[in-house]
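Colleague: Mind the numbering: the sequence shown is residues 36 to 1012 in this note's numbering, read in order.
By construction, the Cβ of each residue, glycine as well, lies at the ideal position given by its N, Cα and C atoms.
Quick caveat, the model's predicted, so the values are computed rather than measured.
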Amino acid sequence: MKNALRAVLLGSVAATSFAVPAIASAQEQVAVDEIVVTGSRIRRDTFNAPVPLATIDSEQIVASGSVSLGDMLMDLPMINAASNSQNTSSTLFLAGQSRADIRGLGPTRTLVLQDGRRIVFSDASSPAVDMNLLPAMMVDRVETVAGGASAVYGSEAIAGVVNLIMKKEFDGLQIEGQVGSSQEGDGETFRISGMYGTKLLDDRLNILVGGEVSREEPIFQRDRDWGYPGIRRNTLANPQTVIPASRSNTAPTATFQLLPGAVGVARAVTLDYRNPSQVVRLSAPCSTPSVQPTCQDEALFYSASLNALQAKSQRGTIRGYADYRVADNIKAFLDVTYSKVDGYGFFQPAFSNAQGGGTMPVALKGDNAFLNGAGATAEALRAEWLAAGKTLTTGSTAQVGKFWTEFGGRDVKSERETLRVVAGMEGAFEALDRKFNWDWYAQFGKTTGSTSSYNLPNVKRVQQATDAILVNGQVVCRDVAARAAGCVPWDLVNGANQAAVAWTNASSVTDQEVKQTVVAANIGTDLFELPAGPVGFAMGAEYRKEESFFAQDALGASGALFFNAIGTREGEYDTKEAYAELRVPLLKDLPFAQELTFEAAGRIADYSSIGKTDQYQVRLEWAPVEDVRFRASQGTAVRAPNIVELYSPQSRNFTTAAIDPCDKDSYAVASAANKALRLATCSAAIAGYNPATFVSNFGTGRPSLPLLQGGNPDLGPETANTYNLGVVVQPRWIPRLQFSLDFFKYNIADQVGTIPINTLLQDLCYQSTEAYASNPFCSLIIRDPTGTNGGAVAGGVIEVIQTNQNVAKVKVEGYDASVQYGLDFEEMFQKSWGQLLFRADATWMYRWAQQGLPGQAYTQFANTITNATPEWKAQASVQWNYNDMSLTWTTHYIGSMASTTAFTPTQLEPYYTGDYYSHDLRASYKVNEQVAVRGGIVNLTDENPPYLPETFQGVGTGSSNFDNRGRFFYVGATLRY
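1. Which partner residues of Y928 appear in the DSSP bridge assignment?
2. For L742, which of helix, strand or coil comes out of DSSP?
3. Output the boundary residues of the beta strand (DSSP E) element that contains W473.
4. Any chance you could list the beta strand (DSSP E) runs of at least 3 consecutive residues sitting entirely within the stretch 429-469, in chain order?
5. Go through the stretch 827-882 residue by residue and report every complete run of the alpha helix (DSSP H) that reaches 4 residues or more, in order.
6. With the cut-off set at 7 angstroms, would you say G355 and V376 are in Cβ contact?
7. State the DSSP-derived secondary structure class of W261, mapped to helix, strand or coil.
8. What residue does the alpha helix (DSSP H) around R713 start on, and which one ends it?
9. Using alpha carbons as the reference points, say which of K495, A413, Q434, Y379 lies closest to D446.
10. Going by beta-carbon coordinates alone, are T757 and G183 separated by less than 7 angstroms?
11. Which first and last residues belong to the beta strand (DSSP E) in which I96 is found?
12. So what does I816 bridge to, in DSSP terms?
13. Which of the three DSSP states, helix, strand or coil, is assigned to G591?
14. Can you find the residues in the same chain that come closer than 6 angstroms, C-beta to C-beta, to N342, ignoring five residues on each side of it along the sequence?
15. Beta-carbon within less than 6 angstroms of R496's beta-carbon, same chain only, minus the 5 sequence neighbours each way: which residues are those?
16. Between Q587 and T545, what straight-line distance do the alpha-carbon atoms span, to the nearest angstrom?
17. Would you mind giving the Cβ-Cβ distance between E612 and I639, rounded to the nearest angstrom? I have them listed as a contact below 8 angstroms.
18. When you compare only the Cα positions, how much space is there between P87 and R226?
19. Could you tell me how far apart the beta carbons of S953 and R969 are, in whole angstroms, since I believe they sit closer than 8 angstroms?
20. Excluding the 5 residues flanking Q498 on each side, which residues of the same chain have their C-beta closer than 7 angstroms to its C-beta?
21. What residue ranges within the stretch 343-380 form continuous beta strand (DSSP E) runs of no fewer than 3 residues, ordered along the chain?
22. Per the DSSP calculation, V300 is bridged to which residue(s)?
23. Taking all protein chains shown into account, do 16 or more other C-beta atoms lie within 10 angstroms of the C-beta of V787, making it buried, or fewer, making it exposed?
24. Taking only three categories from DSSP, how would you classify R417?
25. Under three-state DSSP, which class holds M113?
26. Going by C-alpha to C-alpha distance, which of Q629, L168, S185 sits closest to P752?
27. Using a threshold of 7 angstroms, state whether the C-beta atoms of G591 and F585 are closer than that.
28. Which residues mark the beginning and the end of the beta strand (DSSP E) in which G245 is found?
29. By Cβ distance below 7 angstroms, which residues in the same chain neighbour I365 in space, the five residues on each side in sequence not counted?
30. In the DSSP assignment, what residue or residues form a beta bridge with M201?
31. With DSSP as the reference, please indicate the residues paired to N688 in a beta bridge.
32. Would the stretch 830-839 and the stretch 727-744 be scored as touching if the rule is three or more Cβ pairs under 8 angstroms?
33. Three or more C-beta pairs closer than 8 angstroms, one from the stretch 802-819 and one from the stretch 868-887: is that the case here?
34. Helix, strand or coil: how does DSSP classify S775 here?
35. What does the Cβ neighbour count give for T437, buried or exposed, with the cut at 16 atoms within 10 Å?
36. Please determine, among G262, F205, P264, the residue with the shortest C-alpha to C-alpha distance to L240.
What follows is the structure in structure tokens.
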């Protein structure tokens, strides 16, 4: 019993904060071999990490019920939501990926390692590492260090490091299988994996091979009662309340905007989606180009029926590891990993909106052949057309609001293959009366893949096909050149035929290749002995080359399709780096100085892209008595801009998060001071501006805002200062009780990125005291004075120009806390009731503030859904082990968060999400030495995301903190021979 509990404690002792060996009893001490822990390259004889260390071991990985290692990491309070199964379905290239994000600073600032060595990026469009590239069975543990670790590991480690420690030895064969499903019967998961290890040639040759196949099925919003039809904000109320989702005039049939304008003036008809042959005049709330919040005409549909809540993915990974003992103190090794990941994203079909403008505006003209054709539907539509005062001539038009469901969803399939090969040697030798440990390795990684995007209509062809006229009694496309190219007329009134769909439909393929080459060497020793112990030293050098290529096919890159025209991204850089690390024991076994140790690390680098960089870290550990240990660290860190940030061509993107400060609804809820500023700048930007009537072409419930984004080869490095101060308490008088508390702080400067869109629109332009004509930020917002050049309305925005800059600063502060206690009933009460293990981990991140531009005030993003950074996040569990059975209850907690930063608390009701709890129940049973079974219920109480329009779907980066799958069941088994 004691040994079992000691193993459990030791397996999780470092989790989140603990960095000291567990105490099995008041008398027993756990002996630990000399190891290297994440965060340092100096070998040490205990688990005393110089910085807080979170650990997830292989048993926890298996027991979690998750088939995604990255999604499992999200349970750690220090990890924030990034790319995961809930929010990648509607991404162009990241479907099926799961990425780690420490402190919400972004996956590009979290360095992911395998056995302390880098992993090639998983995608050329957004460089970061997919956590699902490795067979989970072959992961021994995952160690996470929060805090700048660039001095030890180099660039990308500003936020911290996630280190996947792989298994190196195994004797026999092990097979695992697991299946799971939500209680709704969807979102099914499947995983099967195997591992075989043996030793040959008198145990000099060690071989380990393994593989894994897994799959996750999608979930759609229409299959959740709480999610469909959904909810929205009532923009007519102040504060804006939550009401049922309005129906959409972007119809799968077609809505014709006969007259634009406000309620009472606007007029529209739709082809009833329940019976498309029926022409229905819409009610006043549904007749405006952007429907009113109360629009509920049953002839329209709910667009939520087209939305996915989780993506689909399937993965296959293989790993082989071998080492050969060349001599007693020299070992050669080879580590090869291959993975193939297919991710499937689900998008709404292409659409045109009744306002006009946007990506694919389509108008029905009065002389359209189908409008003037035979049939009851055409006759009814003509009657409505004429009743609205329109004429059956070319110059009389109506904008069309339509989801082009004839094409199908704009679904994507991303196929990626990653190969990583590491070969090297490690060993030890003695010289100068001391022992030296050394290693060198060379590694090559390569990711190749393609993304196929389907059902992307050719915008010009759709406009040509829907502009149909009669010529010599035949219905043809008006454009003569289009006719010659095979244009097939599209019947907007009675429905298109397959030939018209085929002529206008298209697809696009992007190809990518990412390569990484690394050669590195390390050596370490004890320089000399001090009274308090040996002075440890390590040093090393590394050469690294990163290459990336991303190319879109010619049609997609041309901008002709309903798709982001990205073009080609290509570039490379290399770096030569060297580091050194020193550990000096100052005092030991003295009054009020059980231990006092100083550590320092430094790293220099020379990049071909940004030139020379340097960084350092100093650390101090002080144990005044055996039961209490204090630790402190301070350091600098850098992140070199990646290839996308440097060399990406300027391309078109879109956002739905932007709010136009000149829009009447936004203006109405602004403060008096901001109203005065907006009135001046909006009047200068928009001819005849009236804050009471101006309706912008973008905003909530309206078309997305086009952005022109791109790279900057003149970027410099991001820099950071990081701080940590903590204490670990293990009182001898309460065996197996451990507690830790750590303060963390990041000051990041020169952060690469674009200016936040609402910061640009509000603070930097329309709420700025600088004159509109001379404000350089206002020049980035391109408005359409007439509404005929893509802005949809006079004064609408055509696009906003955003390019990468070293402009932002970020300040992050908070505390990590952990407590753990193990209770052995036999030892304490002489009862054979097994053992209980209690554990709680929490992060209080009270500050996450960003300065968008030099000289600006900092904006607080802590505790906001917009930034995906909860102020409070915690996890607590109790585990009962009895003989061969284990039962675990886990509770997850996320504190109440602000639903958006675009509005203030007085403008929305409700504004905060409320506290969120979810609970898991897991069980396992060891049948015999060869067979173990497990099962569990994740989200036992079937909690849904907070019921606010900003969060209820759970598909945004911030809202994906909340489970949108619902109650989930899984069972699995492990066979070992």
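Modeller: A quick look at the data gives this:
1. Bridge partners of Y928 according to DSSP: A909, Y952.
2. Strand at L742.
3. Annotation: the continuous beta strand (DSSP E) that includes W473 extends over 469-488.
4. If we require 3 residues or more, the beta strand (DSSP E) runs fully inside the stretch 429-469 come out as 432-438, 447-466.
5. 860-864, all fully within the stretch 827-882.
6. No, Cβ-Cβ distance for G355 and V376 is not below 7 angstroms.
7. Of the three classes helix, strand and coil, the one that applies to W261 here is coil, per DSSP.
8. Residues 707-720.
9. Among K495, A413, Q434, Y379, the Cα nearest to that of D446 is on Y379.
10. Their beta carbons are under 7 angstroms apart, which means T757 touches G183 by this criterion.
11. Segment 93-98 is the alpha helix (DSSP H) holding I96; no beta strand (DSSP E) there.
12. According to DSSP, which records beta bridges pairwise, I816 is partnered with V835.
13. Helix.
14. Q256.
15. Cβ within range, chain order: T539.
16. Taking the straight line joining both Cα atoms gives about 4 angstroms.
17. Their Cβ separation, rounded to whole angstroms, is 7 angstroms, which keeps E612 and I639 in contact under 8 angstroms.
18. Rounded to the nearest angstrom, the two C-alpha atoms are 32 angstroms apart.
19. So it is not a contact: roughly 20 angstroms between Cβ atoms.
20. V397.
21. The DSSP assignment places 343-345, 347-362, 365-380 as complete runs of the beta strand (DSSP E) inside the stretch 343-380, in order along the chain (cut-off: 3 residues).
22. Answer is none; V300 lacks a bridge partner.
23. Buried: at least 16 other Cβ atoms inside 10 Å.
24. DSSP places R417 in helix when its eight states are reduced to three.
25. In this structure, M113 counts as coil in the three-state DSSP scheme.
26. With distances taken between Cα atoms, P752 lies closest to S185.
27. With respect to the 7 angstroms criterion, G591 and F585 are not classified as neighbours on the basis of their beta carbons.
28. 240-251 is the extent of the beta strand (DSSP E) around G245.
29. Apart from the 5 residues on each side of it in sequence, I365 sits with its Cβ closer than 7 angstroms to the Cβ of M460, G462 in its chain, given in chain order.
30. According to DSSP, residue pairing for M201 in a beta bridge involves V174.
31. DSSP, once it has assigned bridges, lists L742 as partnering N688.
32. Enough Cβ pairs lie closer than 8 angstroms, so yes.
33. The stretch 802-819 is not in contact with the stretch 868-887.
34. It is a strand residue.
35. The sequence given here has Lys at residue 437, not Thr. K437 counts as buried, since no fewer than 16 other beta carbons sit within 10 angstroms of its beta carbon.
36. Considering only alpha carbons, the answer is F205.
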